[in-house]
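Here's the structure, in structure tokens; my notes come after.
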Amino acid sequence: MNKYLDIAPEVQEALASGRPVVALESTIISHGMPYPQNVETALRVEQTIRDGGAVPATIAIISGRLKAGLSHEEIEHLGRKGREVAKASRRDLPVLVARGADGATTVTTTMIIAAMAGIKVFATGGIGGVHRGAETTMDISADLEELAHTPVMVICAGAKSILDLGLTLEYLETKGVPVIGYGTDELPAFYTRRSGFKVDYRIDTPEELAAAFRAELEMGLGGGMLVTNPIPEEYSMDPDRIDAAIEQALKEASEQGIHGKDTTPFLLARIKDITGGDSLASNIQLVLNNARLAAATARCLTA
Ligand code: PSU
Ligand code: MN
Numbered sequence: 186m187n188k189y190l191d192i193a194p195e196v197q198e199a200l201a202s203g204r205p206v207v208a209l210e211s212t213i214i215s216h217g218m219p220y221p222q223n224v225e226t227a228l229r230v231e232q233t234i235r236d237g238g239a240v241p242a243t244i245a246i247i248s249g250r251l252k253a254g255l256s257h258e259e260i261e262h263l264g265r266k267g268r269e270v271a272k273a274s275r276r277d278l279p280v281l282v283a284r285g286a287d288g289a290t291t292v293t294t295t296m297i298i299a300a301m302a303g304i305k306v307f308a309t310g311g312i313g314g315v316h317r318g319a320e321t322t323m324d325i326s327a328d329l330e331e332l333a334h335t336p337v338m339v340i341c342a343g344a345k346s347i348l349d350l351g352l353t354l355e356y357l358e359t360k361g362v363p364v365i366g367y368g369t370d371e372l373p374a375f376y377t378r379r380s381g382f383k384v385d386y387r388i389d390t391p392e393e394l395a396a397a398f399r400a401e402l403e404m405g406l407g408g409g410m411l412v413t414n415p416i417p418e419e420y421s422m423d424p425d426r427i428d429a430a431i432e433q434a435l436k437e438a439s440e441q442g443i444h445g446k447d448t449t450p451f452l453l454a455r456i457k458d459i460t461g462g463d464s465l466a467s468n469i470q471l472v473l474n475n476a477r478l479a480a481a482t483a484r485c486l487t488a
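With the first letter of the sequence shown counted as 1, position 173 gets the number 358 in our numbering; the numbers rise by one all the way through.
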């Protein structure tokens with residue numbers, strides 16, 4: 186096994202006996218939500234995976250060790266420290282590990298560590314993508330490149346329109362990443378169920394998701410699969426309200442010269458403040474919804 190990796194005993198036992206495991210990321214804990222809702226949500230998501238018959242493996246870097254499966258104390262530590270914990274994408278791994286530092290894993294690094302551990306299904310909220318204005322800033326999330334290369338299924342609620350959703354889909358097409366709509370033909374836009382952009386395929390059952398992903402794995406295509414699962418209707422937000430908050434947040438980011446890895450956390454935090462916390466409630470519900478689908482799909486994959 187990889188000498189930098191620690192797999193929690195419960196996760197190791199599940200993998201060894203062919204039982205379903207679902208990976209979870211930790212940037213959403215340290216950078217995506219405020220304390221204490223971040224810790225409460227992380228623990229609720231783990232419980233939701235268990236209720237769905239799978240074992241949760243929350244992924245992070247703790248004192249330079251790549252961890253697949255965290256204790257409640259480690260989740261509390263990442264949530265309490267919040268933005269003091271480095272947001273760790275692929276390029277951050279070598280230095281953080283060599284220094285023995287902590288890191289909150291993004292979609293990219295959660296996929297990397299899940300693949301090292303042998304975990305195939307990963308649930309999160311939203312992925313990074315091609316930012317608006319990327320034609321001049323070249324700000325394209327490493328998440329898209331990882332989906333191109335690493336064989337993990339990522340179940341999310343689409344992408345926020347802080348991104349250019351059309352360009353994000355073009356990039357994924359170029360990289361050969363299948364984009365699936367769960368029960369929908371349209372790419373969901375995180376807080377809302379619709380974006381106006383079509384996904385590649387609509388799939389309506391966890392069985393068919395598992396069959397498509399198994400085919401991808403067995404053909405040795407090498408990349409991942411992106412499953413976009415719309416937020417439940419009752420928790421979705423008014424599109425005009427959320428769009429206005431996003432426009433305002435983008436304007437402030439540009440005025441304040443926010444760039445690089447700070448862009449996404451800045452926008453997420455501002456949207457939450459501008460919508461007075463309503464977006465946080467929706468965010469929590471869509472992650473729980475993705476955890477339920479991930480547990481069901483992981484069960485079909487191991488059946
Ligand atoms: N988008 C969200 N919520 C998130 C993130 C993105 O709606 O929490 C986090 C994820 O961890 C994602 C990362 O992998 O931000 C992308 O950051 P960047 O755009 O810097 O690649
Ligand atoms: Mn970026």
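Each residue gets a CB set at the ideal place from its N, CA and C atoms; glycine is no exception.
Bridge pairing for Gly343: Ala374 [DSSP].
Assignment of beta-bridge partners to Arg250 by DSSP yields Ile247. Counting only runs of 4+ residues, the alpha helix (DSSP H) found wholly inside the stretch 198-230 occupies 212-215, in chain order. When beta bridges are read from the DSSP output, Ile365 appears opposite Tyr386 and Val412.
Between Ile431 and Ser346 the beta-carbon gap is near 6 Å, inside 8 Å, which marks them as a contact.
Between the beta-carbon of Gly303 and that of Thr413 there is about 25 Å, and that puts the pair past the 8 Å contact cut. Between Gly409 and Val306, the C-beta gap is not smaller than 8 Å, which leaves the two residues out of contact. Boundaries of the alpha helix (DSSP H) harbouring Thr294: Val292 to Ala302, taken from the DSSP string. In this structure the stretch 473-487 touches the stretch 194-206; the number of beta carbon pairs closer than 8 Å is three or more. Looking only at Gly445, Ser439, Leu190 and Ala400, the smallest Cα-Cα distance to Leu278 is reached by Leu190. Of all alpha-carbon atoms in Asp389, Gly361 and Phe375, the one lying nearest the alpha-carbon of Thr369 is that of Asp389.
The count of Cβ pairs closer than 8 Å, one atom from the stretch 458-475 and one from the stretch 228-239, reaches three, so the stretches are in contact.
Within 7 Å of the C-beta of Lys305 there is not a single heavy atom belonging to ligand 1. Membership of Val280 in the alpha helix (DSSP H) is indicated by the continuous run Leu278 to Arg284. Ligand 2 has no heavy atom closer than 7 Å to the beta-carbon of Thr291.
Between the alpha carbons of His257 and Leu263 lies a distance of about 10 Å.
Leu357: member of the alpha helix (DSSP H) spanning Leu350 to Thr359, first to last residue. Beta-bridge pairing by DSSP links Gly288 to Ile246 and Ala271. Not one heavy atom of ligand 1 is found less than 7 Å from the C-beta of Leu473. The three-state secondary structure of Ile325, taken from DSSP, is strand. Taking a contact as a CB-CB distance under 8 Å, the pair Val315 and Ala242 does not count as one, their CB atoms being some 29 Å apart. Annotation: the continuous beta strand (DSSP E) that includes Leu190 extends over Leu190 to Ile192. Exclusion of Ser211 from the 7 Å shell around ligand 2 follows from its C-beta lying no nearer than that to any non-hydrogen atom of the ligand.
Contact check for Ser380 and Ala289: beta-carbon distance about 27 Å, past the 8 Å limit, so the pair fails to qualify. According to the DSSP assignment, Ala476 belongs to the alpha helix (DSSP H) that extends over Asp463 to Thr487.
His316 carries a strand assignment under DSSP once its states are collapsed to helix, strand and coil. Taking the C-beta atoms as reference points, Leu452 is found no nearer than 8 Å to Arg317. Look at Pro417 here: in three-state DSSP terms it is coil, with no helix or strand label. In this chain, the beta strand (DSSP E) harbouring Ala308 covers Val306 to Ala308. Leaving aside the five residues that flank Leu209 on each side, the residues in its chain whose CB is nearer than 8 Å to its CB run, in chain order, Ala227, Val230, Glu231, Ile234, Pro241, Ala242, Thr243, Ile244, Thr295, Phe307, Ala308, Thr309 and Ala476. Annotation: Ala193 to Ala253 spans about 6 Å, alpha carbon to alpha carbon. According to DSSP, residue pairing for Pro241 in a beta bridge involves Val207.
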